[in-house]
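A short worksheet on the structure shown next.
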Amino acid sequence: MSFFKKIFGVKKNVEENYQASNDIKKIEIEEQAIELVESTLNEETSNEETSKNSKEIIEFEEKKEVITEIKNTKKGFFSSLKDKLFNSREGLFKSIKATILGRAIIDNRMYEELEEVLIQSDIGMETTIKIIETLEKEIDKRKIKNSDEVYLVLKEIMESLILSENNELKIFPDRMNVILVVGVNGVGKTTTIGKLASKYTNEGKKVIIGAADTFRAAAVEQIEEWAKRSGATLVKSEKDGGDPGAVVFDTLKRAEEERADIVIIDTAGRLHNKINLMAELEKINTIIKKKIGDVEYETLLVIDGTTGQNGLIQAKLFNEATKLTGFIITKLDGTAKGGIVFSVSETLKKPIKYIGVGEKIEDLREFNSKEYVEAIFN
Ligand SMILES: Nc1nc2c(ncn2[C@@H]2O[C@H](COP(=O)(O)OP(=O)(O)O)[C@@H](O)[C@H]2O)c(=O)[nH]1
Ligand SMILES: [Mg+2]
Numbered sequence: 001m002s003f004f005k006k007i008f009g010v011k012k013n014v015e016e017n018y019q020a021s022n023d024i025k026k027i028e029i030e031e032q033a034i035e036l037v038e039s040t041l042n043e044e045t046s047n048e049e050t051s052k053n054s055k056e057i058i059e060f061e062e063k064k065e066v067i068t069e070i071k072n073t074k075k076g077f078f079s080s081l082k083d084k085l086f087n088s089r090e091g092l093f094k095s096i097k098a099t100i101l102g103r104a105i106i107d108n109r110m111y112e113e114l115e116e117v118l119i120q121s122d123i124g125m126e127t128t129i130k131i132i133e134t135l136e137k138e139i140d141k142r143k144i145k146n147s148d149e150v151y152l153v154l155k156e157i158m159e160s161l162i163l164s165e166n167n168e169l170k171i172f173p174d175r176m177n178v179i180l181v182v183g184v185n186g187v188g189k190t191t192t193i194g195k196l197a198s199k200y201t202n203e204g205k206k207v208i209i210g211a212a213d214t215f216r217a218a219a220v221e222q223i224e225e226w227a228k229r230s231g232a233t234l235v236k237s238e239k240d241g242g243d244p245g246a247v248v249f250d251t252l253k254r255a256e257e258e259r260a261d262i263v264i265i266d267t268a269g270r271l272h273n274k275i276n277l278m279a280e281l282e283k284i285n286t287i288i289k290k291k292i293g294d295v296e297y298e299t300l301l302v303i304d305g306t307t308g309q310n311g312l313i314q315a316k317l318f319n320e321a322t323k324l325t326g327f328i329i330t331k332l333d334g335t336a337k338g339g340i341v342f343s344v345s346e347t348l349k350k351p352i353k354y355i356g357v358g359e360k361i362e363d364l365r366e367f368n369s370k371e372y373v374e375a376i377f378n
């Protein structure tokens, strides 16, 4: 393949990947590809003076433009996550920074002040205590005296609290994959389902959404709109207040007939008490298992990142009521705290699969702990 073709291949690849998904691993691979192209270009630069052919010079300039474009697209993605998390970075993490950096001595007062900031930032009592204890131990062990280093150790500890395994949704090829989405009212379930459906239809998958939130007519209209926008098929109840179990059954039946790749089920966020919640989810789970047999499927709890410790209480309750496979934390664009990301992962030992950083269709990001911590700590 010619150099020019190769470089356009890289460019096309980068653009498609940015549109289809924000997969950080792919970006890393592309980064290597760009480096390779750049080093080739550098080699050519040294030969440039010897090149007398004007056609070659024009080609060379074009190559340079393409590379600049690739670099700008890349920069755009990274700064965009940083931009989206602007509130957390300026709130929670700025206070942490201010508490630690510039201190002449590392003493109990620093730990006390830090404890206060962490608790105020929705990190929760249990997780905060764990962070402070680990920090004290590490500072002693590593004989750290300098506040810059304390900040780096804290960042390391906080990153290690977030599970970094199984962050990807389990989607198997050549079979029907079910994603059950649960959570209380208003946390962003329907919006997240719309974004997810769009991501999968963009990847060429056939997606069917089941509108099992049958309690409000407006809820059905809202999911209908998202289905339309994302190009997914919607299965709903013909009457208001219909049986959610029946919708789940009809959705799976339709998915089977149409050989759908992905079934996403939207549920109602009614939360009277744990017994009711358990009974409702149990019924839905029984219908799913009857249809798809003994295969794994995702049950994702959506948590509103702006609701503080309430989110952690919901996570504990749903975790007792059903078998959750992971979390989606929404509205992280709108919180100056965002400590829930750390406490939920650390307390329940389940992965965060996605984060919501806005109301638009593209505002759903695959969660990557390293990327998240980098975006808010720096
Ligand atoms: N800023 C922001 N708003 C969001 C996000 N996700 C959802 N929302 C908004 O939260 C509100 C409730 O969302 P909805 O999907 O209806 O919640 P549901 O009741 O759980 O289905 C809507 O106004 C959404 O636009 C997000 O990541 N960021
Ligand atoms: Mg809804």
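Residue numbers for the sequence shown, in my numbering: 1 to 378.
Built from N, CA and C at the ideal position, the CB exists for glycine as well.
Restricting to Cα atoms, I'd like to know which of Asn87, Glu112 and Leu118 is closest to Ile96.
Leu118
Hey, is Lys189 close to ligand 2, as in C-beta under 8 Å from one of its heavy atoms?
yes
Just reading off the alpha helix (DSSP H) that Tyr151 is part of, what are its end residues?
Ser147 to Leu161
Classify Pro173: buried if its beta carbon has 16 or more other beta carbons within 10 angstroms, exposed otherwise.
exposed
With DSSP collapsed to three states, give me the class of Arg103.
coil
Helix, strand or coil: which one does DSSP assign to Ile265?
strand
What are the start and end residues of each continuous beta strand (DSSP E) run of 3 or more residues lying completely inside the segment 243-320, in chain order?
262-267 and 298-304
DSSP beta-bridge partners for Thr233?
Ile208
Local conformation of Ile329 per DSSP, three classes:
strand
Would the beta-carbon of Gly293 fall within 9 Å of that of Ile340?
no
I believe Leu281 touches Ala321 by the beta-carbon criterion, under 8 Å. Please report the beta-carbon distance rounded to the nearest angstrom.
6 Å
Restricting to Cα atoms, I'd like to know which of Leu81, Ile139, Leu271 and Ile123 is closest to Val153.
Ile139
Contacts around Gln309, its chain only, beta-carbon distance under 7 Å, and the 5 residues preceding and following it disregarded
Asp122 and Gly124
Sub-9 Å separation of Phe342 and Lys353 beta-carbons:
no
Coarse secondary structure for Glu366, derived from DSSP in three states
strand
Whose CA, out of Tyr297, Arg216, Ile284 and Leu135, lies closest to the CA of Asn177?
Tyr297
Give the range of the beta strand (DSSP E) segment to which Asn166 is assigned.
Run containing Asn166: none; DSSP gives neither H nor E here.
Of the choices Phe215, Ile106, Met158 and Val181, whose alpha-carbon is the least far from that of Ile284?
Val181
Enumerate in chain order the residues of its own chain whose CB-to-CB distance from Lys170 is below 7 Å, with the five nearest sequence positions on each side excluded.
Glu296 and Glu298
Could you say which of Ile361, Ala219 and Ile287 lies nearest to Phe249 if we only look at CA atoms?
Ile287
Which one of Glu224, Tyr200, Lys205 and Lys199 has the shortest CA to CA distance from Ala211?
Glu224
Just the Cα atoms here: how many angstroms apart are Thr128 and Ser237?
45 Å
I'd like to check one pair, Lys206 with Leu383: are the Cβ atoms closer than 9 Å?
Any question about residue 383 goes unanswered here, given that the chain covers just 1 to 378.
Give the single residue among Val150, Ile376 and Ile361 whose Cα lies nearest to the Cα of Thr191.
Ile361
Sub-9 Å separation of Gly188 and Thr330 beta-carbons
yes
Following a CB-centred definition, is Val302 positioned closer than 8 Å to any heavy atom of ligand 1?
yes
Around the Cβ of Ala227, are there at least 16 other Cβ atoms within 10 angstroms (buried) or fewer (exposed)?
buried
As a quick exercise: from Leu81, Lys63, Lys274 and Thr134, pick the residue whose alpha carbon is nearest that of Glu371.
Leu81
In this structure, does DSSP put Asp23 in helix, strand or coil?
For Asp23, the predicted structure reports a pLDDT of 44, less than 50, and the residue's modelled location is therefore unreliable. The matter cannot be settled from this model.
Could you tell me the alpha carbon to alpha carbon distance between Phe4 and Lys63, rounded to whole angstroms?
Caution applies to Phe4, whose pLDDT of 48 falls short of 50 and renders its modelled position unreliable; the value that the coordinates give is listed next. Using only the alpha carbons, I get a separation of about 7 Å.
Let me know if Ile264 comes out buried or exposed under the rule of 16 or more other beta-carbons within 10 Å of its beta-carbon.
buried
Supposed contact pair Ile100 and Leu114 - C-beta distance, whole angstroms, cut 8 Å
7 Å
Could you check whether Ser369 and Glu159 sit closer than 9 Å to each other, using their CB atoms as the reference points?
yes
Assigned secondary structure, Val373 (DSSP; H/G/I helix, E/B strand, else coil):
helix
With a threshold of 8 Å (Cβ to nearest heavy atom), would Asn185 be considered close to ligand 2?
yes
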